[in-house]
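Engineer: If you count the sequence shown from 1, position 61 lands on 61 in the UniProt record's numbering, and the numbers rise without skipping. We put the beta carbon where it would ideally sit given N, CA and C, even for glycine. Structure provided below as structure tokens; questions to follow.
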Amino acid sequence: MEAKSQTRDRVDQELASKIQLDTRTPAEKLVLACRMLGARGHWHGGLAGQITARGQEKGTYWTLKFGIGADEATPADLILVDEDLRPLDGVSLANPAVRFHLWVYRVRPDVQSIVHTHPPGVTALSMTGQRLAVAHMDSTPFYDNCGYVGDWPGLPIGDNEGEVIAGGLGKRKALLLAHHGLLTAGSTIEEAAVLAIWLEQAAQAQVQAAAVGTIREVRPELALEARDFLLKPQITGLTFQYFARKVLRESPGCLSPAQSAARA
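Now the structure itself:
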């Protein structure tokens, strides 16, 4: 019988050699991320929330034009902003709340993309004063990997909020903001989007479980093992591609410039 460590090593080798990472452009990935998050209630309240990614040039960042909903995003709805949140096209308007993303990018060179949303499960959990509990296998990507800001610093459009949020995130990939929502910081657009979906699922499960009884957390060594496996780029990449296929089945023209022109 093969030992678990041997099986893990073999699976790691197979993932590295057989799985092809997504080759779409950053703009296409951002649109797909917006659409998949929108379909899962991450923008259920309207325009609250943002998704960003680093641009090719240093000090530039992609985001949606202010006023565009995630569920209607197309490549033409993306704008490039500088470190002062000024759109480089000189015409468009960025969501002013994107400002706090820039603070995270400044202190985390490893972060390539950020998602911030207010989905129902996270919103409910954020109102209780509780941290995320790693009590299920699906929560393990956030073991020792989800910070907590217990005091709401107010509307996140100023520099103070950026300092608080970047400090609360630290070196982690996720953050639960009391009275507010979630933030995920990925090494890729795929990772940031998938983590946001997983964090909402974990929060929903925690809220539901609390109504049944006492929440029992996973043993630390098992949580760590599962986290490190589930956060492999191949796993988050395959998960992103799965959600992307669902988006493209439901909105096959979402990556086409023609759809943007038709909506305008």
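Among Pro75, Ala39, Trp62 and Val104, whose alpha-carbon lies nearest the alpha-carbon of leucine 88?
Structural biologist: Your numbering for residue 88 matches position 88 in the sequence shown. Ranked by how close their Cα comes to the Cα of leucine 88, the residues Pro75, Ala39, Trp62 and Val104 have Trp62 in first place.
Engineer: Do glycine 121 and glutamate 200 have their C-beta atoms closer together than 8 Å?
Structural biologist: Sequence index remark: in the sequence shown, residue 121 carries index 121 (1-based). Sequence index remark: in the sequence shown, residue 200 carries index 200 (1-based). Yes, Cβ-Cβ distance for glycine 121 and glutamate 200 is below 8 Å.
Engineer: How would you call tyrosine 105, buried or exposed, if buried means at least 16 neighbouring beta carbons within 10 angstroms?
Structural biologist: Sequence index remark: in the sequence shown, residue 105 carries index 105 (1-based). When all chains shown are included, tyrosine 105 counts as buried.
Engineer: State the start and end residues of the unbroken beta strand (DSSP E) segment that holds threonine 184.
Structural biologist: Locating residue 184 in the sequence shown gives position 184, counting from the first residue. 181 to 186 is the span of the beta strand (DSSP E), which, as asked, contains threonine 184.
Engineer: Within this structure, are the beta carbons of valine 134 and tyrosine 143 separated by less than 8 Å?
Structural biologist: Along the sequence shown, read from residue 1 onward, the residue named residue 134 stands at position 134. Along the sequence shown, read from residue 1 onward, the residue named residue 143 stands at position 143. Against a cut-off of 8 Å, the Cβ pair of tyrosine 143 and valine 134 comes out as a contact.
Engineer: Please give the ranges of any alpha helix (DSSP H) in the region 194 to 248, keeping only runs that are unbroken, at least 4 residues long and fully inside the region.
Structural biologist: 220 to 230
Engineer: Could you tell me whether the Cβ atoms of alanine 70 and glycine 41 are closer together than 8 Å?
Structural biologist: Working through the sequence shown from its first residue, we reach residue 70 at position 70. Working through the sequence shown from its first residue, we reach residue 41 at position 41. No, the pair does not count as a contact, with Cβ atoms beyond the cut-off.
Engineer: Give the list of continuous alpha helix (DSSP H) stretches no shorter than 4 residues that lie fully inside the region 17 to 85.
Structural biologist: 26 to 39
Engineer: Leaving aside the five residues before and after glutamine 241 along the sequence, list all residues of the same chain whose C-beta is less than 7 Å from its C-beta, in chain order.
Structural biologist: What you label residue 241 is simply residue 241 of the sequence shown in a count that begins at 1. The residues are Asp22.
Engineer: What's the call for lysine 173, buried or exposed, on a 16-neighbour Cβ count within 10 Å?
Structural biologist: For the purposes of this step, residue 173 is taken as residue 173 along the sequence shown, with counting starting at 1. Flag for lysine 173 reads buried.
Engineer: Tell me which residues share the same chain as arginine 131 and place their Cβ nearer than 6 Å to its Cβ, disregarding the 5 neighbours each side in the sequence.
Structural biologist: Taking the sequence shown and counting its residues from 1, the one referred to as residue 131 is at position 131. Within the same chain, arginine 131 has close Cβ partners Tyr148.
Engineer: Relative to the alpha-carbon of lysine 4, which residue among Ala196, Gly237 and Ala226 has its alpha-carbon at the smallest distance?
Structural biologist: Locating residue 4 in the sequence shown gives position 4, where the first residue counts as 1. Looking only at Ala196, Gly237 and Ala226, the smallest Cα-Cα distance to lysine 4 is reached by Ala226.
Engineer: Mind reading off the beta-carbon distance from serine 113 to threonine 52? Whole number of angstroms is fine, and I expect it under 8 Å.
Structural biologist: Counted from its first residue, the sequence shown places residue 113 at position 113. Counted from its first residue, the sequence shown places residue 52 at position 52. Indeed, because the Cβ distance is near 7 Å, the residues count as touching under 8 Å.
Engineer: Terminal residues of the continuous alpha helix (DSSP H) containing threonine 128?
Structural biologist: Taking the sequence shown and counting its residues from 1, one reaches residue 128 at position 128. Looking at the DSSP string, threonine 128 is not in any alpha helix (DSSP H), and its letter there is neither H nor E.
Engineer: What span of residues does the alpha helix (DSSP H) with leucine 176 cover, start to end?
Structural biologist: By 1-based counting over the sequence shown, the position of residue 176 is 176. Premise fails: leucine 176 lies in the beta strand (DSSP E), 174 to 177, not in any alpha helix (DSSP H).
Engineer: For leucine 230, which residues in the same chain have their Cβ closer than 7 Å to its Cβ, ignoring the five residues on either side in sequence?
Structural biologist: Along the sequence shown, one-based indexing puts residue 230 at 230. So the list reads Thr140 and Pro141, once near-sequence residues are dropped.
Engineer: Can you give me the C-alpha to C-alpha distance between leucine 86 and methionine 137, rounded to a whole angstrom?
Structural biologist: What you label residue 86 is simply residue 86 of the sequence shown in a count that begins at 1. What you label residue 137 is simply residue 137 of the sequence shown in a count that begins at 1. Residue identity differs from the one stated: residue 86 is arginine in this sequence, not leucine. Arginine 86 and methionine 137: Cα-Cα distance of roughly 42 Å.
Engineer: Report yes or no: do the region 208 to 222 and the region 158 to 169 share at least 3 C-beta pairs separated by less than 8 Å?
Structural biologist: no
Engineer: In the DSSP output, which residue or residues are listed as bridge partners for serine 113?
Structural biologist: Counting from 1 along the sequence shown, the entry for residue 113 is found at position 113. Note: serine 113 sits in a beta bridge opposite Ala53 and Gly186.
Engineer: Roughly how many angstroms lie between the CA atoms of glycine 168 and valine 111, to the nearest whole one?
Structural biologist: What you label residue 168 is simply residue 168 of the sequence shown in a count that begins at 1. What you label residue 111 is simply residue 111 of the sequence shown in a count that begins at 1. C-alpha separation (whole angstroms): 15 Å.
Engineer: Less than 8 Å separating the beta-carbons of alanine 223 and leucine 125?
Structural biologist: Against the sequence shown, residue 223 aligns to sequence position 223. Against the sequence shown, residue 125 aligns to sequence position 125. The answer is no: Cβ separation not under 8 Å.
Engineer: Could you check the C-alpha separation between alanine 264 and glutamate 250 for me, to the nearest Å?
Structural biologist: On the sequence shown, residue 264 is found 264 positions in, with the first residue counted as 1. On the sequence shown, residue 250 is found 250 positions in, with the first residue counted as 1. Below a pLDDT of 50, predicted positions are generally treated as unreliable, and alanine 264, at 49, falls in that range; no measurement from the model is reported.
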